[in-house]
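There are 2 protein chains.
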Amino acid sequence: MAQNTQLLKGSLINIILKLLGDNDKMYGYEITKKVKELTNGELSLTEGALYPTLHKLEAEGLLSVSVEHIDNRPRKYYSLTKSGKKEAGCRLESFKSFVAQMQLVLNLNSAIK
Amino acid sequence: MAQNTQLLKGSLINIILKLLGDNDKMYGYEITKKVKELTNGELSLTEGALYPTLHKLEAEGLLSVSVEHIDNRPRKYYSLTKSGKKEAGCRLESFKSFVAQMQLVLNLNSAIK
DNA sequence: GTCTGATACATAAGATTCTTATGTATATTT
DNA sequence: AAATATACATAAGAATCTTATGTATCAGAC
Chain Y
1 MAQNTQLLKG SLINIILKLL GDNDKMYGYE ITKKVKELTN GELSLTEGAL YPTLHKLEAE
61 GLLSVSVEHI DNRPRKYYSL TKSGKKEAGC RLESFKSFVA QMQLVLNLNS AIK
Chain G
1001 MAQNTQLLKG SLINIILKLL GDNDKMYGYE ITKKVKELTN GELSLTEGAL YPTLHKLEAE
1061 GLLSVSVEHI DNRPRKYYSL TKSGKKEAGC RLESFKSFVA QMQLVLNLNS AIK
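Heads up: the sequence lines are chains Y and G, in that order.
Each residue of the first sequence is one higher than the one before, starting from 1 at the first, in the working numbering.
Each residue of the second sequence is one higher than the one before, starting from 1001 at the first, in the working numbering.
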């Protein structure tokens, strides 16, 4: 099943920003499920990486939080703030370009490999 | 010119393995130039990251070195070893799949962003 | 003839980001 | 009753990168 662990360096923030750009509010656990679903189980975010990153983005003012209680359990919904939307736009642009550059490099002379 | 610094986490090793898979021997400085050239200056490897990574891959037995002297200056040519070729195949496969998953996630609902 | 920039290597301190391990607590399924 | 899923959280340690610095040679500018 080839789970791509160990391969997320630097992309976690971009994944979060992208999903919140599309969905307008999501909670942490939901994000982990969503990524698994979107990638057919190939990519797994660990909670140990996710939650601190959400806190960091909140501290930076890119995300806002609202807590709701579902089934007697708290959920923290995150949304992009106004400045978060701007920043997300920039960062995703350059991350997309980075990913494109990676494919460029990886797909040269594919005859050889 | 939007230089994508800060975005290379985890991909450096894969870039090295890919280039050495294609070119059979390269030296460090040449690798930095090659990446700049291939990506039209968008991606720059820093030497502070590159050289330690080459040393590490050598220590792991994936690369072999031969020193040549050009213009009275030493060059260390790196090549994939036998086991390096095997490993490179595996790692590049899963890195390619990771990059593909990234594009998958980044290009959903692009209408919204 | 000296200075700048390119070539070519190297290392070290510090920052960032991830993994792994744990912990708490409730709800659902077996 | 126990295991799994839901839902958050933090902390120690590892891995990987940035920035800064260092050495040394060579080519071209001025």
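C-beta: ideal position from N, C-alpha, C; glycine also.
Contact under 9 Å by Cβ, residue i with residue j
i	j	result
K76(Y)	G21(Y)	no
T1039(G)	V105(Y)	yes
L62(Y)	E87(Y)	yes
Cβ neighbours of residue i in the same chain (closer than 8 Å, five flanking residues each side left out)
i	result
L1092(G)	N1014, L1017, K1018 and G1021
S97(Y)	none
N1109(G)	none
Range covered by the alpha helix (DSSP H) that runs through residue i
i	result
L1063(G)	Where L1063(G) is concerned, there is no enclosing alpha helix (DSSP H), although the beta strand (DSSP E) it sits in stretches over L1063 to I1070.
T1046(G)	Neither: T1046(G) is in no alpha helix (DSSP H) and is coded neither H nor E.
N14(Y)	L12 to N23
T1032(G)	G1028 to L1038
Where the beta strand (DSSP E) through residue i begins and ends
i	result
K1076(G)	R1073 to L1080
Candidates the options, of which the one nearest residue i by Cα
i	options	result
S1064(G)	Y1078(G), D1071(G) and D1024(G)	Y1078(G)
D1024(G)	H1055(G), L1050(G) and K1082(G)	K1082(G)
Y1051(G)	L1080(G), L1012(G) and K1085(G)	L1012(G)
L43(Y)	G84(Y), K9(Y), A88(Y) and F95(Y)	K9(Y)
A59(Y)	R73(Y), P74(Y), N72(Y) and G84(Y)	G84(Y)
G41(Y)	L1108(G), N1107(G), Q1101(G) and N1109(G)	Q1101(G)
N1107(G)	F95(Y), D71(Y) and L108(Y)	F95(Y)
Cβ shell of residue i (< 6 Å), same chain only, five flanking positions each side left out
i	result
T1032(G)	L1045
P1074(G)	V1067
A1002(G)	Note that A1002(G) has pLDDT 37, beneath the 50 cutoff, so the model's placement of it is unreliable and no number is given.
I112(Y)	Confidence is the limiting factor: at I112(Y) the pLDDT is only 43, short of 50, which leaves the residue's position unreliable, though a coordinate-based value still follows. Closer than 6 Å at the Cβ level, and outside the excluded window around I112(Y), lies no residue.
E1047(G)	none
E1037(G)	none
L1030(G)	Leu is not the amino acid found at residue 1030(G); the sequence shown has Glu there. Excluding positions up to five away in sequence, the list is empty.
Contact set for residue i: own chain, Cβ-Cβ below 7 Å, skip 5 residues either direction
i	result
V1035(G)	I1015, L1043 and L1045
K56(Y)	none
H1069(G)	none
L80(Y)	L20, G21, L62, L63 and A88
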